Structure formats: C-alpha cells, structure tokens
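Report on one structure; see the data block that follows.
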Amino acid sequence: MRLARRPLAVALALLGPAAVEAAAIDPAGLDPAIDPATPQATFNADFIHSSGGAIDLSRFERGNVTLAGIYRPNVLVNGEPIPGTREVAFRQVADSESAQPCFDRAMLLRFGLDTEKLKARTAGDGSVHSLGEAPFCGHLENYVPGATVDFDDGEQILHVTLPQAFLRSRARGYVSPEFWDQGEQAFMLNYNANTFQVRRNGQRSTDSYVSLNAGANLGGWRFRQAGSLSLRDGSNRWQNTQVYAQHDLTDARAQLTVGEAYTSGDILDSVRVRGVGIVSDQRMLPASQRGYAPVIRGVAESNAQVTVRQNGYVIHSTTVAPGAFQIDDLYPTGYGSDLQVTITEADGRTKTIMIPYTAVPQMLREGTARFGLWAGQVEESNLPDTPFIFQGTMQYGATTNTTLYAGGTASNSYVSGLVGAAVNLPFGAIALDVMGSRAAFRREGVRRGMSTRLRFSRSITSTGTTFGLVAQRFSTRDYLGVTDAARLRSRLRRGISGDVIGGERSHFDANIGQSLGDGQVSLTGSLADYWGRRSRSVDYTLAYGSSWRSFSYNVSVQRSRLGDVFGPASGDRRRGATDTTVYLSFSVPLGSAPSSPNLGASYNRGSGNGASIQARLNGTLARNDDLTYTLGAGRSESAARSTSSTGYANLGYRTYAGSYRAGASRDSGGGTQYSLGASGAIVAHRDGVTLAQELGETNAIIHAPGAVGARIESQAGARLDRYGNAVVRSLLPYQLNTVSIDPRGASHDVQLESTTETVAPRAGAFARLDYRTSVAQALLIHATRPDGRPLPFGASVYDAAGQVVGVVGQGSKVFVRGALAGAKLTVNWGDEEGGSCRIDVPESLDGLETHGLHRSLRARCTEAGPGLAMKKAA
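Quick note on numbering: the sequence shown equals residues 51 to 924 in my numbering.
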C-alpha cells in the first residue's frame with residue numbers, strides 16, 4: 051500500500067523508519083532563490099541526538115509543503131467527484147511555499163464553470179485575471195473570485211471549491227455526456243449450469259440445464275444473445291431466447307435496439323417484437339430528474355433557507371435569494387408521503403407549506419417526456435403467425451401535478467389506441483385511461499371494443515398507511531389486445547370458433563399497508579370475472595412481519611377461489627375450488643458474531659394441499675462469506691394423510707472466477723437426489739481473458755499490474771487475478787461510480803499510486819479502469835557516510851528521478867518503500883559541499899535478510915558532491 055507524507059513527518063521519523071512519497075520533482079521546486087514565508091513552527095535540534103552532524107529541520111517548519119511535479123489526484127469540485135482522473139501539474143510560484151496546481155480553460159469547463167457568468171460578474175475588476183486558452187499556474191482565486199484549492203497529498207485528492215454564482219445551472223447528480231464512458235471492445239459470456247439427478251427404486255433420471263448469455267461490445271454497439279440448453283436422459287433441446295444489438299442515442303436520451311426485445315409495458319401491454327425500436331432511457335437523466343417529484347414554488351422575503359422534509363426527515367435544503375424561487379430537482383422518494391416545506395427568513399421568521407406528493411408509475415416531472423417507438427414482427431411462442439406491428443407511446447409532464455400520455459398499435463387488420471392522464475391530488479394520485487381496439491376478420495367481420503383502466507395510490511403519513519388500487523374493465527366483449535387478435539385470427543384460419551369464452555371481463559387489484567408496532571401488516575387482494583362465466587376468481591392475502599432484536603418472524607394467510615370452469619361443448623360446469631393457506635416462519639442468529647449461523651423454520655398448511663414443516667441451519671465457513679452451507683430437514687403430510695420426511699445439505703463456494711454449489715437430499719421413501727451447479731462469466735479484452743462472477747448489464751474491467759490478490763471493495767468475492775485484472779459487476783450507467791481496490795491480499799512489494807477511480811459508464815459498457823502500480827521491494831537500509839559516521843537525522847532520500855522515497859531516521863536507518871534492484875539513491879541534508887552521498891542498491895535483492903515485510907541492507911553511502919539543491923540551482 052502506498053505510503054504518503056504526513057504533516058508530522060519529524061514525529062514519524064522519531065518513532066522509527068519513515069517513508070515519504072511525492073510526484074516527480076521539477077527543478078523549480080528546489081530553487082533556493084524563492085523566499086520562504088515565516089515558519090509556522092520551529093524545532094529545536096538540540097533535543098534530537100545525532101552523531102551525524104548538523105540536522106536541518108527547516109523543511110519541516112512549514113508543515114506539509116507540496117513539492118512541484120506531476121500528480122494524478124482524484125478531483126472533487128464542491129464535494130462532487132470529476133470522472134476521468136487526469137494528471138495535474140504543480141509548479142512553484144513566488145508567493146507560496148507549496149507548489150500550486152496548474153489549470154486551463156478546458157479543465158475549468160469540465161468543472162462546471164460558466165465563463166460567460168464569470169466574465170459578466172467580474173467585468174471592470176482589475177484584480178481578476180482573465181482566463182485564456184493557455185494553462186496558468188498559481189492561485190485559482192486570482193482568476194475565479196472566491197475559489198479555493200486544497201490538495202491532500204496523503205490521500206491524493208484535489209479539493210476545488212467554485213462559487214455557485216459562476217457555475218452552470220444544472221440539476222443535482224448531473225453528469226455531462228462528455229464524461230459518459232463508452233468502454234472498450236470486449237467479448238463476454240455469462241453462464242449458469244445446473245444438473246439434478248434422482249435415484250429411486252433402482253431407477254435413475256438426470257436433468258441438466260445451461261443458460262448462456264453471450265455478447266460483444268464493438269464500436270459503441272452492444273451485441274447480445276441469450277439462450278438455454280435443456281438435457282434430459284440423453285435428449286437435448288436448445289432454445290434461443292433473445293438476439294439483439296443496442297446503441298445509445300445521446301441527444302435523444304434513448305436506446306436504439308435492433309433485434310428481438312420486449313416493448314415497454316408502462317402504458318400498453320408488453321409484446322415480444324423482432325424489429326427496430328427507439329425507447330427513452332431515463333437513466334441518462336440526472337437522478338434528481340428521473341421519475342416523478344413535484345416542483346416546489348414559493349417566495350422568499352430575504353436570503354432564506356428552504357428545508358424540505360418527508361416523514362420528518364430532511365430530504366433537501368438550499369439557500370435562495372429574495373423573490374420567487376423554484377426547486378425542481380428533488381430526488382424521487384417512492385409513491386407516497388406529502389412534503390413539508392419550511393422557509394426560514396434571515397431574521398428567523400419561518401413559514402411552512404405542505405405539498406401533496408403521491409405518484410403512480412405513469413407520472414413524470416413537469417416539462418419532461420418519455421417515448422417509445424417499435425416496428426417489426428410479433429414473436430410470441432404460442433403464435434403460429436408473425437404479424438407486422440407498429441407501436442408508439444408518449445408521456446409528457448404537462449404541469450407539476452399532471453402527466454398526459456397516449457399510445458397506439460397497428461398490425462395486420464388491427465388498430466388500437468389509448469389516451470390517459472395521471473394527476474397528483476391532495477387525497478392521492480390517480481391515473482385514468484381509455485383504450486379502444488378495432489380488428490377485422492374475413493369471416494367474422496369487424497370487432498370493436500373499449501376498455502377503461504383506473505389506478506390510485508395514497509399514503510397517509512400520520513398513520514403510516516399506504517393504499518394502492520388498479521381496476522380495469524373491458525367495457526365490451528370484443529375488446530382485443532394485439533396478441534389476442536393475432537391468436538383469434540389464427541384460430542379462425544384453422545376453422546376453430548372465434549367465440550370469446552373464458553376471457554377476462556374485468557380485473558381489480560388492491561393493496562393496503564399499515565405500520566403496526568415494529569412491524570408491517572399488509573392486505574392484498576384481486577378479483578376477476580370472465581365472459582361466459584357466472585362466478586368470479588378471488589384471491590387475497592393478509593400478512594404481518596416484524597422483528598424483535600435479532601429475531602424476525604412472518605405470518606400470512608392466503609385464500610383463493612377459482613371461477614367456475616365451463617366445458618367447451620357441453621356447457622357443463624363444476625364449482626371453482628377454494629383453498630386457504632397458512633404460512634408461518636421465523637429466523638434467529640445463534641450468536642452475536644457476524645459469522646454466527648442462523649436457525650430458521652417454516653410451517654405451511656393448505657386446505658387442499660396438506661401441510662409441511664421445514665427447519666434449516668445456514669451459515670458461513672470462511673472469511674468474507676465465500677463458503678456457505680445449509681442443513682435442513684422437513685416433514686410433509688398430503689391431503690390424503692400420507693406422510694414423508696426429507697433431509698438435505700447444500701454447500702456453496704464463491705470465488706472471483708464464479709460461484710459453485712452442490713447439494714444432496716434423501717427422503718423417507720428411499721429416494722436420493724443430487725445436484726451440482728456453477729455460474730459465472732468469461733470476459734475477453736485487450737489484456738487477456740478474465741474470469742468473473744455473473745455480470746450485470748454494465749461492468750468495468752480493472753487493470754492493476756502486479757496487484758495480484760487485491761480485493762475489490764463492495765464486490766463480494768471479487769479480487770484481481772494473476773494478471774492484475776478483475777471485472778467489477780453491475781455499475782450504474784450514466785452515473786458516477788466509485789470503484790476502490792483494497793490492497794490487502796496483494797503482495798507487500800506492490801504499490802498502488804491510487805486505490806480509487808471514478809467512472810460514469812454508458813449502459814452495457816465495459817469501462818476500463820487503470821490503476822497505476824509499481825512493484826519494488828521494501829528495504830530497511832543501515833547506511834553510514836564514507837567516513838563511517840552516521841547519516842544526519844531527517845535527511846531526505848531521492849531516487850534517480852528526483853522522487854522522495856525516504857527520510858533518515860534514528861540510528862542512521864532509512865526505510866525505502868519501492869526500492870528497485872540496482873537503484874541509485876541520493877541522500878541529501880544540505881547545500882554545503884559534501885551535503886549529499888549516494889547509496890547503491892545491489893543488482894539482486896535475493897541474498898538480503900528478510901524481516902517480516904521488508905529486507906535489510908547494510909551499505910556505505912559514497913561521496914556524491916554538493917547537496918542536491920545546489921546542483922539543481924547550478
């Protein structure tokens with residue numbers, strides 16, 4: 051792990067070996083002509099015993115001075131990371147002890163600076179320097195009034211603060227498209243394989259299943275193919291699930307898809323289509339502009355603080371100028387709970403207003419739009435025909451509380467349309483739409499139908515109650531969706547009756563949630579009736595879940611009743627069956643340690659299916675939860691009163707290259723079952739082939755040469771392979787993702803110049819993250835001057851590139867982190883003649899004594915002439 055300079059460098063040196071690292075030193079950084087400022091602290095060298103001669107502690111008097119050179123820091127502007135870490139030059143300036151970063155116009159534009167605002171607000175101010183195209187080195191506040199710069203040399207973070215008055219107006223969470231990373235060319239294969247064998251009464255049967263998802267990223271296009279292979283006792287069947295190519299359209303904030311995909315089901319029914327589609331991708335919007343949240347408008351009488359609360363929690367706070375204000379970048383917080391807005395004036399007066407906030411999925415923010423266009427052929431597995439289809443949808447946030455939407459579908463002799471509106475009202479959110487269809491058939495003529503749909507959502511903060519409702523009624527018998535029409539057309543072509551028998555006439559779904567003590571109670575239900583039937587299908591579930599300390603439990607009761615079933619010819623019917631199911635479960639850890647196993651049990655009883663009881667014990671057997679186990683037993687009783695018992699054991703092992711699982715069970719009837727499974731991914735890229743766990747849609751390839759075994763933070767089981775590569779899975783597209791490497795697990799001879807990188811990948815991309823590393827041995831050098839005297843305490847040690855690699859500590863010892871075989875190290879302690887000497891590291895380090903994490907070397911520091919600073923100045 052990289053060592054960094056600290057303000058108390060002398061204290062570290064007093065405690066023992068110390069190491070100091072900085073960027074490459076520019077000659078200007080050691081120019082003695084620059085006058086140092088007044089020391090911030092003075093050290094009395096008399097308190098430090100050294101037989102090595104005079105001790106120069108002046109360089110410690112001004113704290114942690116930044117040396118000139120080239121750095122590669124992470125940049126934070128007003129606390130927000132700027133993606134794409136780049137090199138930043140630091141140069142010495144006349145009025146500063148520390149070197150100052152160099153900026154240019156392009157860099158400041160990347161930081162969000164609005165140069166037109168800056169020019170307008172500073173016109174006529176002679177103290178402000180104008181921004182040109184050429185880079186400038188110095189104090190940023192001389193160019194941008196009020197700006198500050200702070201460089202954390204230890205953490206390698208450059209903190210830049212720019213006044214809001216000079217920044218471009220943009221929503222919270224905004225990431226400019228220029229930062230969206232297209233990633234690199236790569237080929238991938240996701241796999242999930244399972245095999246299951248049953249042995250009973252001397253018979254054996256084996257079922258195997260392999261799911262494959264292959265793809266390639268080439269030139270901004272993502273090609274994907276998904277399929278599965280099923281094998282059963284020697285026979286096999288391949289099923290192709292999906293093949294498509296996709297490319298994002300930045301200006302339209304949409305995705306272009308060519309191939310097989312499903313249309314969006316937000317407004318119209320989802321249909322599997324083989325063709326071309328362009329669909330809005332709200333992930334390209336800032337997080338504060340996605341989904342729905344109301345616009346807050348008000349008037350402030352002074353410079354006021356505006357605080358927005360929901361359920362008692364502050365979700366937004368900002369300062370506004372006198373006059374009218376508008377807040378339109380609230381993050382969406384779900385589908386319920388009103389907002390409390392408090393305006394605090396400069397004199398302490400407050401005013402509170404309540405803003406209704408309930409949403410249904412169709413709602414959008416004011417002024418935003420979402421669309422979808424598809425053209426191709428319908429590809430449904432149960433359809434013998436593939437009719438052409440064109441489908442389009444549109445949503446628009448007309449006002450802060452109203453969203454309008456519409457959609458239409460055209461196919462072979464079929465057309466349908468929908469119009470609707472969603473409104474946020476004080477008593478809840480409502481969406482109402484009306485659909486109509488027209489289908490023409492050769493022998494049946496034309497069928498027209500209408501359907502209405504109502505959605506309602508409400509949350510009551512004071513009582514902790516949520517309520518949702520979806521009701522849909524097909525007003526006429528002949529309403530048909532596009533797949534229903536295609537299916538009916540196929541039936542008629544084969545001479546089968548076109549009567550709609552058993553088709554759904556109306557449907558009603560409702561759910562109620564209520565906080566109760568430390569738990570949550572919920573009631574969900576559905577009701578449906580059908581054309582040609584006299585009865586209805588009813589299903590409802592009452593559930594309660596809670597926890598007490600580490601003990602958690604759930605209770606639920608479900609009751610369902612299917613509607614009457616009619617014979618297709620005789621009209622005979624039998625009464626629909628009714629079933630009641632009771633379910634109980636609990637889970638409790640057997641200990642307080644994070645690795646303690648969990649004991650769980652469940653009981654399930656259905657009026658038509660008998661009863662069963664299960665008990666299980668699960669936990670981990672290795673650090674980082676890489677090895678897991680489950681032991682269980684169960685007993686079941688059928689409706690006919692026959693009983694059976696089962697015992698089982700499962701084992702799972704997760705590595706950076708994939709996940710593996712095995713299981714076995716045996717029942718009281720003598721039957722045994724065995725299972726094996728594996729899942730993971732293979733990624734081919736320019737640095738080779740990398741094995742990984744199953745990939746998400748958007749991923750990143752890490753390359754850190756030599757850092758074998760280092761772990762990826764927030765990615766369970768992921769670590770760098772022997773080539774220094776790893777795959778980070780499931781990144782958020784079009785957002786800033788911070789990816790950090792944990793050096794623990796890597797060799798102690800590997801130094802990571804940076805352990806954190808930030809990236810905003812495009813959807814489906816394989817973004818590349820390069821971490822600079824150096825591989826060198828840590829050395830503890832006991833060196834003396836040519837005449838045998840100890841080296842001066844506090845003297846700096848430089849490598850051949852002028853980089854500080856250590857400091858002389860007590861006992862004339864130098865701890866060098868990153869020493870290369872054959873390196874020439876210069877020890878410098880002053881500008882006088884003889885103020886430096888050179889240590890020659892052997893060409894091979896294999897013969898040196900090893901002590902823990904470092905090797906020991908005894909060396910004589912040979913004459914090197916005047917001090918390093920004098921040679922630079924000359």
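Ideal Cβ placement from N, Cα and C applies to all residues, glycine included.
Since the model is a prediction, treat every value here as computed from it, not as a measurement.
Nearest-angstrom Cβ-Cβ length linking residue i and residue j, presumed shorter than 8 angstroms
i, j, result
"Y603", "S635", "7 angstroms"
"G470", "D483", "3 angstroms"
"I752", "A714", "Not a contact, Cβ separation roughly 37 angstroms."
"F153", "G119", "Between G119 and F153 the Cβ distance is about 16 angstroms, and since that is not below 8 angstroms, they are no contact."
"F246", "S725", "5 angstroms"
"D216", "L168", "For the record, residue 216 in the displayed sequence is Phe; it is not Asp. That belief holds up - the Cβ atoms of F216 and L168 are roughly 5 angstroms apart, short of 8 angstroms."
Assigned exposure category for residue i - 16 Cβ within 10 Å defines buried
i, result
"P434", "exposed"
"P151", "buried"
"S692", "exposed"
"A871", "exposed"
"Q801", "buried"
"R287", "exposed"
"M404", "exposed"
"Q445", "buried"
"H798", "exposed"
"K874", "exposed"
"G137", "The question names Gly, yet the displayed sequence has Glu at residue 137. By the 10 Å Cβ count, E137 comes out exposed."
"D231", "buried"
"D379", "buried"
"A598", "The sequence given here places Trp at residue 598; Ala does not occur at that position. W598 should be labelled exposed."
"L389", "buried"
"A481", "buried"
"R274", "buried"
Close Cβ partners of residue i (< 6 angstroms) along its chain, the five nearest in sequence each way excluded
i, result
"T947", "Absent from the structure is residue 947, since the part of the chain shown begins at 51 and ends at 924."
"S637", "S602, N648, G650"
"M413", "Y342, T453, A472"
"S565", "G514"
"Y42", "Residue numbering for the chain in the displayed model covers 51 to 924; residue 42 lies beyond these limits and cannot be assessed."
"S645", "T670"
"A396", "S352, N353"
"V248", "S255, Q723"
"V143", "Q150, G188"
"R704", "D676, G767"
Residue i - partner residues in DSSP beta bridges
i, result
"D231", "P811"
"N432", "None; N432 has no bridge partner."
"M404", "Q390"
"A750", "V778, A817"
"Q355", "T369, T394"
"S602", "S597, S637"
"L592", "L573, V607"
"Y653", "L634, I663"
"D202", "I207"
Residue i versus residue j: straight-line alpha-carbon distance, rounded
i, j, result
"T449", "M485", "23 angstroms"
"T198", "V210", "6 angstroms"
"G174", "V127", "27 angstroms"
"Y464", "G442", "14 angstroms"
"R908", "S862", "11 angstroms"
"S709", "G795", "20 angstroms"
"A460", "F491", "15 angstroms"
"I439", "R420", "20 angstroms"
"P411", "V854", "59 angstroms"
"L268", "A815", "10 angstroms"
"I377", "G398", "21 angstroms"
"V356", "V877", "58 angstroms"
Cβ-based neighbour list, residue i, same chain, cut-off 7 angstroms, excluding 5 preceding and 5 following
i, result
"N451", "P344, V473, N474"
"D528", "R497, R498, G499"
"D589", "G575, S576, S610"
"S387", "Q360, N361, Y407, S509, T511"
"R586", "L577, A578, D579, G613"
"V520", "R505, D559"
Residue i Cβ short of 6 angstroms to the ligand SAM heavy atom set
i, result
"A490", "Absent from the structure shown: the ligand SAM. Ligands present: none."
Proximal residues to residue i (C-beta, below 8 angstroms), its chain only, five neighbours per side dropped
i, result
"A768", "Y706, A742, Q743, R761, I762, A776, V777, V778, R779"
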